[in-house]
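What follows is a set of notes on a single structure, which appears directly below.
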Amino acid sequence: MNIEQLLCETLSCEKVIKLGKLQTLWSGYGEIARFMVHYLPEGPYDSSRDDLINRPASQTVIVKHIAPPTQSCHPHQWDTEVSHQRKMRSYQVELNWYRDFARRCQEVLNLPQLLAADQDTETQEMLLVMSDLDAQGFDQRRINLTQAELYACIEWLARFHAMFAYEAFPKEDALDDASYDGLWPIGTYWHLATRPDELEVMTDSPLKNATEAIDARLNQARFQTLVHGDAKVANFCFHKEVESLGVNGVAAVDFQYVGAGIGVKDFIYLLGSCLDEAQLVTIYDAACSHYFKSLKQQLSGRWAAEQIEALVAEWSDLLPFAWADFERFLAGWQPQHHKRNGFSQDMTQRVLKALGSVR
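Note that my numbering has the sequence shown beginning at 16, numbered continuously upward.
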């Protein structure tokens, strides 16, 4: 796949220069790179290409090039056919998301815009060309967050979840005919049905015995939405003025695992990605309050008050189940992972007691 040639053809540009690789994709499945694109001088007006009007003479773009390796190099040795198929499906889901769904929320949320895409069915290569968030001012990355930065990310998630929320059960009372064809039927990269290898190697335990019950409680929730599916702090980009801009000062990337689910799956995963055990104990209740307050504000005026309260009550009750679900994944995938701490284990024990799995 000649990336430079494809960029010239799809973007109607004169010259393309690769500025550098930003990162290698997980397990060596390709790379993300930044390119400088120099456009052709404007020709005759073409009404079918409004995107060409008033564009700059040159700009940077981000290219995600998926090129499956002949031999995978997973950092934790999870090189199986199931793993390969999950990754390949995730890249198709990401393309579907940007092409068919992202425009629904681009006016209220910061995220990349898909500029072009290409696929080679023979080699399974895929190319996603996206706008450069760094060039739009979101050039800061974080490992640890201030409270203001964390709350901005939480508000981003609340807006996202409110945008796509619907009442799943009973079907005849659905708030809308939410159709998310092309995305994951159940979102998040750790979803039980997509992780049979990790489940198989789990040590026999009350948690392993309760996995199906935990999964069912989450999947059968009355209120559902689209979840980002990988909402860790590393997948948020920050504006230098985020402290004053709030939610408008953050953008999210990496939509490979978007699918149906309850919003608190994203919420707990974000917290676990940037807070240690002591911080979780200190800030958890306030973070939960902020998430649900933001969610209620976004749903207000669109949903009836009693439906909003019912959603908040249900998702609040399911918070420990979301923690236990991710704990299940880590217990099989990487048992010594630092995200397995006293806080997540306490949440898991609450669930196991509620299910009668432990006393």
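Beta carbons are placed, not taken as given, at the ideal position from N, Cα and C, and that holds for glycine. This one's a predicted model, so the numbers in the text were calculated from it and none came from an experiment.
If you drop the 5 nearest sequence neighbours on each side, which residues of the same chain put their C-beta closer than 7 Å to that of residue i?
i, result
"T95", "D212"
"D188", "Confidence is the limiting factor: at D188 the pLDDT is only 47, short of 50, which leaves the residue's position unreliable, though a coordinate-based value still follows. Cβ within range, chain order: E182."
"H352", "L345"
"V97", "P211, D212"
"V296", "F358"
"T363", "L222, W338, A339, E342"
"E24", "none"
"R119", "M178"
"D300", "none"
"S73", "M51, V52, H53, Y54"
Cβ of residue i within 9 Å of Cβ of residue j?
i, j, result
"A131", "L326", "no"
"G276", "N234", "yes"
"D115", "G197", "yes"
"Y44", "I77", "no"
"C252", "L148", "yes"
"R157", "L124", "no"
"A177", "R317", "yes"
"M145", "Q121", "no"
"W199", "K102", "no"
"K79", "I47", "yes"
"F238", "E329", "yes"
"A302", "Y166", "yes"
"V268", "L143", "no"
"V257", "Q155", "yes"
"C169", "H305", "As written in the sequence, residue 169 is Ile, which differs from the Cys given in the question. Cβ distance < 9 Å, so I169 and H305 count as in contact."
"V3", "L370", "Nothing can be reported for residue 3: it is not among the residues displayed for the chain, which extend from 16 to 374."
Comparing C-alpha positions only, which one of the options sits nearest to residue i?
i, options, result
"G278", "Q349, Q322, V296, T203", "T203"
"L214", "P350, V52, R49, A48", "P350"
"L22", "V52, S42, T39, Y44", "V52"
"L26", "D133, R355, D332", "D133"
"I298", "Q162, Y195, G357", "Q162"
"P71", "S331, T39, V296, A150", "A150"
"R355", "Q313, D291, Y306", "D291"
"G7", "K308, D340, S73", "Nothing about residue 7 can be reported from this structure: the residues present for the chain run from 16 to 374 only."
"E227", "V268, F336, L285, L126", "F336"
"P221", "S372, Q20, F50", "S372"
"G20", "F50, R365, S304", "Here residue 20 is Gln; the residue named in the question, Gly, does not match the sequence. Answer by Cα proximity: F50."
"L266", "W205, A117, L314", "For the record, residue 266 in the displayed sequence is Ala; it is not Leu. Per the Cα distances, A117."
"W205", "E170, V248, Y272", "Y272"
"T39", "T240, I201, P84, R119", "P84"
"L333", "R365, L314, S315, H305", "R365"
"T240", "V248, I229, Q294, L314", "L314"
"F307", "A293, D230, I323", "I323"
"K311", "S73, S331, R119", "S331"
CB-CB under 6 Å to residue i, same chain, minus the five flanking residues each way: which ones, in chain order?
i, result
"D281", "L172, V242, H243, A246"
"E29", "H53, L55"
"F270", "E109, W112"
"D61", "With a pLDDT of 49 at D61, under the threshold of 50, the modelled position of this residue cannot be trusted; read the value that follows with caution. Excluding sequence neighbours, D61 sits near nothing in its chain."
"L190", "Note that L190 has pLDDT 45, beneath the 50 cutoff, so the model's placement of it is unreliable and the number below is only indicative. So the list reads Y181, E182, once near-sequence residues are dropped."
"G347", "E213, L214, V216, M217"
"H254", "G152, F153, L260, G264"
"T75", "R49, M51, D147, A150"
"Y284", "A246"
"T209", "R101"
"D230", "L207"
"Q107", "none"
"H99", "none"
Applying the 10 Å Cβ sphere with the 16-neighbour rule, what's the burial state of residue i?
i, result
"L380", "Lying before the first or after the last residue shown, residue 380 is absent from the chain, which here runs from 16 to 374."
"V216", "exposed"
"T136", "exposed"
"R232", "buried"
"S105", "buried"
"S359", "buried"
"A319", "exposed"
"S309", "buried"
"L37", "exposed"
"N250", "buried"
"G274", "buried"
"R343", "buried"
"A236", "buried"
"E164", "buried"
Going by beta carbon distance, what residues of the same chain come within less than 8 Å of residue i, once the five residues before and after it are set aside?
i, result
"M16", "H80, A82, D133, D135, T138, E140, L142"
Would you say the beta carbon of residue i is closer than 8 Å to some non-hydrogen atom of the ligand ZN?
i, result
"Y306", "This structure does not include the ligand ZN; it has no bound ligands of any sort."
Which parts of the stretch 171-248 are runs of the beta strand (DSSP E), unbroken and 3 residues or longer, counting only runs that do not cross its ends? List check, beta strand (DSSP E) in window: 238-242.
4-residue-minimum alpha helix (DSSP H) runs that sit fully inside the stretch 313-364, ordered along the chain: You should have 320-332, 334-348.
Run through the stretch 117-182 for me and flag every whole alpha helix (DSSP H) of 4 or more residues, listed as ranges in chain order. For the stretch 117-182, the full-length alpha helix (DSSP H) segments reaching 4 residues or more read 162-179 along the chain.
Report the start-end ranges of each beta strand (DSSP E) in the stretch 261-297 that is 3 residues or longer and not cut off at the edges. Runs found: 265-267, 274-276.
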